[in-house]
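Q: Taking this note's numbering, the leading residue of the sequence shown gets 108, the next gets one more, and so forth. The beta carbon of each residue, even a glycine, is placed where N, CA and C say it ideally should be. Please read all numbers here as calculations on a predicted model, not as lab measurements.
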Amino acid sequence: MTWKEFCEIAVDANNRWTKIKNDFPENKEVLEKSYLVICHHERIQLSLNREYPYFDIASITNNRAILMDTEIKNNLLILLGKMKDIQKELKSLKPMENKYKQVNTALFNLRAELKLFNLNQLEISDDIQVEVRFPWVNMNIIQKIKSHALVDSRKTCMCMACIRVVL
Ligand SMILES: [Zn+2]
108 MTWKEFCEIA VDANNRWTKI KNDFPENKEV LEKSYLVICH HERIQLSLNR
158 EYPYFDIASI TNNRAILMDT EIKNNLLILL GKMKDIQKEL KSLKPMENKY
208 KQVNTALFNL RAELKLFNLN QLEISDDIQV EVRFPWVNMN IIQKIKSHAL
258 VDSRKTCMCM ACIRVVL
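(1) I need the DSSP call for Ile-231, collapsed to helix, strand or coil.
(2) Need the endpoints of the alpha helix (DSSP H) that Ile-179 sits in, please.
(3) Nearest-angstrom Cα distance between Pro-202 and Leu-214?
(4) Excluding the 5 residues preceding and the 5 following Trp-110 in the sequence, name in chain order all residues of the same chain whose CB lies nearer than 6 Å to its CB.
(5) Taking the continuous alpha helix (DSSP H) assigned at Cys-266, which residues delimit it?
(6) Using only the alpha-carbon positions, how far apart do Gln-194 and Asp-234 sit?
(7) Rounded to whole angstroms, how far is the Cβ of Val-272 from the Cβ of Lys-253, which I believe are closer than 8 Å?
(8) Quick one: grab the DSSP three-state call for Val-244.
(9) Whose CA, out of Glu-133, Glu-220, Ala-120, Thr-212, lies closest to the CA of Ala-256?
(10) Which two residues bound the contiguous beta strand (DSSP E) that contains Leu-143?
(11) Would Met-267 and Met-246 be called neighbours here (beta carbons separated by less than 8 Å)?
(12) Answer with buried or exposed for Leu-184, where buried requires no fewer than 16 other C-beta atoms within 10 angstroms of its C-beta.
(13) Does the Cβ of Cys-266 lie closer than 7 Å to at least one heavy atom of ligand 1?
(14) Check whether the Cβ of Cys-146 sits closer than 7 Å to any heavy atom of ligand 1, and report yes or no.
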């Protein structure tokens, strides 16, 4: 799927989760500690930013298996790799050092390049789902949530042993 489709899935799941939480005001406090993850072969914590592109791109590419192997993925990883190196270099310098300004400018340019990067050229794995993670196990609450209409009932098992909730 495209980046745009991927973002739509994430935003939609996030909206549904907000609605579900609002339907259980009596559990508000514990539910605030829960969070969403995107499950692929590895788990990525889903923390959405307010605006497009919604994700911290670097955090997605740290979980690079979610991106299909394409040339554009390679280019993005190279760019992010450069940014990482240069950020590290900048940290090691003091603002009064001559080299600081030069490295700072290089970082500024790379950030501008990243902004121009067309994320929609990336291919994201279709094999993903959004799940809720609870930092506690209270089956009473989890069972109530599992049966909410906005939860994916085909992928969520209702038995008392399963704490997996798929949106
Ligand atoms: Zn089960």
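A: This is what the structure holds:
(1) Position 124 of the sequence shown, counted from the first residue, corresponds to residue 231. In this structure, Ile-231 counts as strand in the three-state DSSP scheme.
(2) Numbered from 1 along the sequence shown, position 72 holds the residue referred to as residue 179. Unbroken alpha helix (DSSP H) run through Ile-179: 178-199.
(3) Numbered from 1 along the sequence shown, position 95 holds the residue referred to as residue 202. Numbered from 1 along the sequence shown, position 107 holds the residue referred to as residue 214. In a straight line, the C-alpha of Pro-202 is about 14 Å away from that of Leu-214.
(4) As a working mapping, residue 110 is identified with position 3 in the sequence shown. Cβ contact annotation for Trp-110 (same chain, cutoff 6 Å, sequence separation greater than five): Leu-226, Asn-227, Leu-229, in chain order.
(5) Taking the first residue of the sequence shown as 1, we reach residue 266 at position 159. It is not in any alpha helix (DSSP H) - Cys-266 carries neither H nor E in the DSSP assignment.
(6) Taking the sequence shown and counting its residues from 1, one reaches residue 194 at position 87. Taking the sequence shown and counting its residues from 1, one reaches residue 234 at position 127. Going by the C-alpha atoms only, they are around 33 Å apart.
(7) Taking the sequence shown and counting its residues from 1, one reaches residue 272 at position 165. Taking the sequence shown and counting its residues from 1, one reaches residue 253 at position 146. 6 Å between Cβ atoms; contact.
(8) Here the question's residue 244 lines up with position 137 in the sequence shown. Correct three-state label for Val-244: coil.
(9) As a first step, residue 256 is located in the sequence shown; it is residue number 149 there, counting from the start. When only C-alpha atoms are compared, the closest one is Ala-120.
(10) Here residue 143 refers to the residue found at position 36 of the sequence shown. That run of the beta strand (DSSP E) goes 142-146.
(11) Taking the sequence shown and counting its residues from 1, one reaches residue 267 at position 160. Taking the sequence shown and counting its residues from 1, one reaches residue 246 at position 139. In this structure, Met-246 lies closer than 8 Å to Met-267 by Cβ.
(12) What you label residue 184 is simply residue 77 of the sequence shown in a count that begins at 1. It counts as exposed.
(13) Residue numbering aside, residue 266 sits at position 159 when the sequence shown is read from its first letter. Within 7 Å of the C-beta of Cys-266 there is at least one heavy atom belonging to ligand 1.
(14) Here residue 146 refers to the residue found at position 39 of the sequence shown. No; taking the cut-off as 7 Å, the Cβ of Cys-146 has no heavy atom of ligand 1 nearer than that.
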